[in-house]
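Residue numbers (this note's numbering), protein chains in the order written: chain A, 26 to 388; chain B, 26 to 388; chain C, 26 to 388; chain D, 26 to 388.
There are 4 protein chains.
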Amino acid sequence: MKKNVEPVYYGEYLQLDKLLSAQKPESIKYGPEAHDETLFIIVHQVYELWFKQVLHELSSVIDVFAQESVNDSALTQVVHRLNRIVTIQKLLNDQIGVMETMTPQDFLAFRDYLVPASGFQSIQFKMLEMGLGLKSQFRIDFDKQSFFNRLNDEDRQFLQEFEQKQSLFELVDKWLARMPFLEFEDFKFWQLYQTATNEMLQSDHDIITNNATLSDDEKRIELDSLEQTRASFSSLFDDNIYSKLQQQDQVRLSRQAMLSALFIKQYSEEPIFNLAHQFIECLTSIDENLTIWRYRHAMMVQRMLGSKIGTGGSSGHEYLKRTTESNRIFKDFFNMATFLLPKSALPKLPESVSQRLGFYLTH
Amino acid sequence: MKKNVEPVYYGEYLQLDKLLSAQKPESIKYGPEAHDETLFIIVHQVYELWFKQVLHELSSVIDVFAQESVNDSALTQVVHRLNRIVTIQKLLNDQIGVMETMTPQDFLAFRDYLVPASGFQSIQFKMLEMGLGLKSQFRIDFDKQSFFNRLNDEDRQFLQEFEQKQSLFELVDKWLARMPFLEFEDFKFWQLYQTATNEMLQSDHDIITNNATLSDDEKRIELDSLEQTRASFSSLFDDNIYSKLQQQDQVRLSRQAMLSALFIKQYSEEPIFNLAHQFIECLTSIDENLTIWRYRHAMMVQRMLGSKIGTGGSSGHEYLKRTTESNRIFKDFFNMATFLLPKSALPKLPESVSQRLGFYLTH
Amino acid sequence: MKKNVEPVYYGEYLQLDKLLSAQKPESIKYGPEAHDETLFIIVHQVYELWFKQVLHELSSVIDVFAQESVNDSALTQVVHRLNRIVTIQKLLNDQIGVMETMTPQDFLAFRDYLVPASGFQSIQFKMLEMGLGLKSQFRIDFDKQSFFNRLNDEDRQFLQEFEQKQSLFELVDKWLARMPFLEFEDFKFWQLYQTATNEMLQSDHDIITNNATLSDDEKRIELDSLEQTRASFSSLFDDNIYSKLQQQDQVRLSRQAMLSALFIKQYSEEPIFNLAHQFIECLTSIDENLTIWRYRHAMMVQRMLGSKIGTGGSSGHEYLKRTTESNRIFKDFFNMATFLLPKSALPKLPESVSQRLGFYLTH
Amino acid sequence: MKKNVEPVYYGEYLQLDKLLSAQKPESIKYGPEAHDETLFIIVHQVYELWFKQVLHELSSVIDVFAQESVNDSALTQVVHRLNRIVTIQKLLNDQIGVMETMTPQDFLAFRDYLVPASGFQSIQFKMLEMGLGLKSQFRIDFDKQSFFNRLNDEDRQFLQEFEQKQSLFELVDKWLARMPFLEFEDFKFWQLYQTATNEMLQSDHDIITNNATLSDDEKRIELDSLEQTRASFSSLFDDNIYSKLQQQDQVRLSRQAMLSALFIKQYSEEPIFNLAHQFIECLTSIDENLTIWRYRHAMMVQRMLGSKIGTGGSSGHEYLKRTTESNRIFKDFFNMATFLLPKSALPKLPESVSQRLGFYLTH
């Protein structure tokens, strides 16, 4: 084999001629070059290269879940690749610190020449959001409008088609919903579960009422939120209530998927669930890092522009802050702790159940 | 001198007997030890040790600004120490990742034994917030109430006295307000400044209206926010308007201080302002890192508890998220970019002015 | 249960009275307090707290491997806890940046008062090194001597006893050596393996000789190192050669353990090996981070002291640099890539083999 | 002005068509694509983009020091830009963690197709090393040879010309040497300095001999190294001895430059030296981060290849480790602490001196 390998040269392999000739400051067109415009360009180009890598991993993961079944071997690889995305995201978040070495005035020296370009026009970032599961329907109004407006026809069309594809969120929802968690005739998990949760809620109720350090107002607030918790618990077992919560975008997963994920988290230390649990944790971390990135990015923009409008003609940071929370994709995994019981309160998993699940997860 | 030095032993110098015997899990009292409770204890103890260090630096900085005047030499040291705080904060933020290695269920195994203890009871963290300038009046209602309620009498009394002291924010405000920036008879900076800003706002107006990618709605939104920007500009030169904004907590600095800070940022590259500018940047970074910490902390709590109530009897993360923004202390520095002009639009600083300022800053 | 829980107060739970009263600068005894001595104390105290946490995890892992057998469920937990250690180590490494905010002169202001205290006297750090597997026999001479000299009798005695216990390295070596990897009558893995390696070495030989960019000297150097590689390969299958390498401390694992680890790494994507492989990777990362810590620490000491002697009376950084490499514990895992074959060259794992290994790993 | 600005589109501004079409895995040519080759390509491309940014800052700094004189205003900007390089370097070091998510076997799947490409062929990295001051004469033999061999004619010629330019090290050496530190008739700094150092060395001598915890061997070792320290001190004041040390590459700065740097570090808290000191610290940090990068990179290569040869036909990590220390550029700044006195031992700086230096530094 080695005989036929053509010799490779570092610079050609990496196509450095294209890569390193792709920084053309606009400021040069209108006067002396603004020194920091190169930083501005390269920071964004590095982001785009990382986005390409993240999309490379994401699409390979989506391909796996597009299959009829996902076996252990595939899941091992999926977890490995999602962990890589998490590692890359840490860099993306720290990279904001590099942009922050640019002062507002250094930015003002070329900002006006970039109108109306805007980070909202990053196709890859939108592919990332969509691929994970943030489709238009989940976006806040302002975002929904501006989402496609700012793009040229080619990009808009491309993204509109891309949005038709199944997202990782949708595929994971189906994968979880397919799990046979609710059919164990003799193992009455969910009854036991409901009994245990009622005890837990009662004890939380006692904690609040017996807490001398809380004012009456505070107690009322806490008891109200406790009632909401009780309500969301009951929703888990009532299709009608649950679908109402879905319509209010309080939950996104299907009820079946929610229960499966809950089951996996409850028994995460069972070897049989080890990979499935790692997988859920990865998705949560990816969402968390994306949220941290949005938040730090919004603050950086505020520090750079105050309430000045951005190059895209929108006063960036206010808008960006609004999306930080609303664009959370796997928020159900974040809130799942609400429904978790202490190990001590868990019914032991019967061998028969492990076996059925084992079969599902490994074949 | 060296003759009389008593020999020192590592473990005694660091008082490791006290330090390493101070981890007593509550879970042991009620059953088998919860393995992860030690992590929970040590993570919080490390935070408290760093808080002590940060307070050590902060109080030395406060002492400097409590003086009649702050010379270059003192300011050099202040900047060095604030940069140390920033370095420590990066650790504090990353440390959340260590806590996140604890699963919700590992936490549930001992959470109930910690009632009603709560991070709200960290005296040092409140000293840090107060020392920087976050006094009760700036806190949101819920926070205002719970602020002292949860503490025992001794701690409450201590903090109430501590709150009487001048905060760094108050001292910096006075220091800035003292600067003789508005008295330069012949140098008409602020007139020139107003002319320049009007041009800038006009061009922003054009950017928006000429932006084909914006819908009419979006344009309206942007033009409104531009009007707000115009309003805040004019407020800089009208005591009545400005004090209204202060009452609405839109700005916290006094008008004089705001103008001085603005002047320093405008001319930050003048060597004479180098240290003063570094100082302002440090304060902004400290505030930014504190905000990031609050945000990541809130998300970690959500991941750990969902909407379960915390040990202190309050559903943590919702509340914590509310404070993330509202507890910003030096937010005026964050928004200052709103008022900055490009260097090209700046009037050259006359020698006479540099000299007066130089005298103020170095003596 | 909740009824009987005694209320807990944050400050008492964390024993902050002890913790925050444990910083007593020596400089005060001899003159005005050296401001930065507090930083010096707290940085070291934080290190000791983290060391306690790491030892808490490490000893729980050692307990698992002290058992007759290690099942999947236990291994899941072990990997989780080792990953926590890795997360903590990242903090420990970044924390050096905090110490580096102290200038050499700030340190000189109190260094002389700390004589002859020294970081070499950290019992917990030595417990960590010993617990992982760095016992005296593996230390370089200077280190071997100073190892116990600097300690007081109590500490010395404690560590000498501690060193008698089995280290994680020793336990892991036995656990790997126990694996039934060499007994598969019909599955001739190691023969196939040797054939494949010979091909690989031959092709490496061609790569070197055909490389026009290498000078003859360089080629000679590379071909020599290739011969060494060939030698180490053959050592894997010859007890005499292998034990020679062990005596020269070129390898530390037993031959059986080495072969098992190699097998696991070769087939790491087989679900059955997933956990075992994660476990090996964790140990490698822990060793890597410890090495990075030693290296950065040595450089920090150089920046602080140059070639001045440290408080312990030894010129720190030269010595520290010498230990950086020699104190690597799981270096065999680092070098294992030497022996790995591309997946394409691997014989497919027969079902019967997976089953036997599966049985070993899960029961 | 704004009137004439041509509208800019995000993707065109960043030339994403070129950037995102520049990843062509070699593995495709010979069989199925190796999934991780894209990671390998993008990680290296991101490095090259950052290198371009670092070179952008570095060359602007070199331009400043190529001038007759460097005033405060220029130095302010230089420090700002060097700090940016330090911030970027932290990313470059953490980025190694991304590469480490690739397993040795994932790498083996395409390694053979990249022969004989090698990171040694990165022109920008060599420009960075040369620009800072690491010219061929300072490289170890192996490196000296391979330095140009591996390059094609065009690149070799380019670098050979580039190497003729003055490096930052050379320019900084001259800048420091020009400082009028040794001509203060009445201010006998260097005499006072020598008296003080003798006292310090004597007290170090006592510390060692009085240290009960040291064995006689250890004491001898320490006393020898103390003698070396004494020798290096005296070298500062003897041209012949000093130039011997230079020939042995024990020191790189000229004696005049060394003394100036020492003076600045001694009086770093004098406002007049604030910027010059920050500048020296930046250069030290850049060198430190470069060293950490080399060290982590070497360890990553070991983990990936063991003692297998790299694609360039050289067994990477052994060689890389050898360069980690030898390629330090500003090592004199690292060792400078050797020569520092405690503030208490420093003669007060006379006003006349500050003024002369002030004049030199600000004009």
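Positions of the beta carbon are idealized from the N, C-alpha and C atoms, including for glycine.
With respect to residue 155 of chain C, residue 125 of chain C sits apart: the two C-beta atoms are not nearer than 8 Å.
Residue burial is scored here from C-beta neighbours: residue 205 of chain B has fewer than 16 other C-beta atoms within 10 angstroms and is therefore classed as exposed. Apart from the 5 residues on each side of it in sequence, residue 258 of chain C sits with its Cβ closer than 6 Å to the Cβ of 222 in its chain, given in chain order. Under a criterion of Cβ atoms nearer than 8 Å, the residues of chain C adjacent to residue 97 of chain A are, in order, 296, 299. Boundaries of the alpha helix (DSSP H) around residue 36 of chain D: 35-38. By the rule that beta-carbons nearer than 8 Å mark a contact, residue 348 of chain D does not touch chain A. The stretch 114-124 of chain D makes contact with the stretch 62-81 of chain D, as at least three CB pairs between them are under 8 Å. Using a Cβ distance threshold of 8 Å, residue 300 of chain A and residue 104 of chain A count as a contacting pair. Contact annotation: the stretch 137-156 of chain D touches the stretch 174-181 of chain D, with at least three C-beta pairs closer than 8 Å.
Straight through space, the alpha carbons of residue 292 of chain B and residue 34 of chain A are spaced by roughly 48 Å.
Closer than 8 Å to the CB of residue 128 of chain C there is not a single CB belonging to chain A. Note that the C-beta distance between residue 294 of chain B and residue 98 of chain D is below 8 Å. Around residue 52 of chain A, no beta-carbon contact reaches into chain D at under 8 Å, the shortest distance being about 11 Å. DSSP places residue 352 of chain B outside both helix and strand once states are collapsed to three, so it counts as coil. Under the Cβ criterion of 8 Å, residue 40 of chain B is not counted among the residues facing chain A. Of C:249, C:289, C:320, the smallest CA-CA separation from residue 226 of chain C is found for C:249. Nearest CB-CB separation between residue 120 of chain D and chain A: below the 8 Å threshold. Proximity of residue 220 of chain C to chain A, defined by a Cβ-Cβ separation below 8 Å, is not satisfied. DSSP, read as helix, strand or coil, puts residue 245 of chain C in helix. For residue 133 of chain D, the closest Cβ of chain C is nearer than 8 Å. In this structure, the CA atom of residue 278 of chain D is about 8 Å from the CA atom of residue 355 of chain D. Residues of the stretch 304-335 of chain C with a C-beta less than 8 Å from any C-beta of chain A: none at all. Contact fails between the stretch 364-372 of chain B and the stretch 40-58 of chain B, because fewer than three Cβ pairs, one in each stretch, are under 8 Å apart.
The Cβ atoms of residue 107 of chain B and residue 307 of chain B lie closer than 8 Å to each other. In the pairwise beta carbon analysis, the stretch 314-324 of chain D is classified as touching the stretch 344-353 of chain D: at least three pairs are separated by under 8 Å. For residue 310 of chain B, the enclosing alpha helix (DSSP H) covers residues 296-330.
In the displayed model, residue 213 of chain C falls within coil according to three-state DSSP, outside both helix and strand.
Minimum Cα-Cα distance from residue 194 of chain B among the listed residues B:163, B:121, B:137 corresponds to B:163. In the same chain as residue 271 of chain D, and ignoring 5 residues on each side of it, no C-beta atom comes closer than 6 Å to its own. By the criterion of a C-beta distance shorter than 7 Å, residue 214 of chain D is surrounded in its chain by 372, once the five residues flanking it on both sides are discounted. Burial check for residue 56 of chain D: the Cβ neighbour count within 10 Å stays below 16, so the residue is exposed.
When rounded, the separation of the alpha-carbon atoms in residue 360 of chain B and residue 297 of chain D is 32 Å. By the C-beta density criterion, residue 290 of chain A is buried, having at least 16 other C-beta atoms within 10 angstroms.
The beta carbon of residue 216 of chain C sits closer than 7 Å to none of the beta carbons in its chain outside the five residues before and after it. Taking a Cβ-Cβ threshold of 8 Å, the residues of chain B close to residue 102 of chain D are 294, in chain order.
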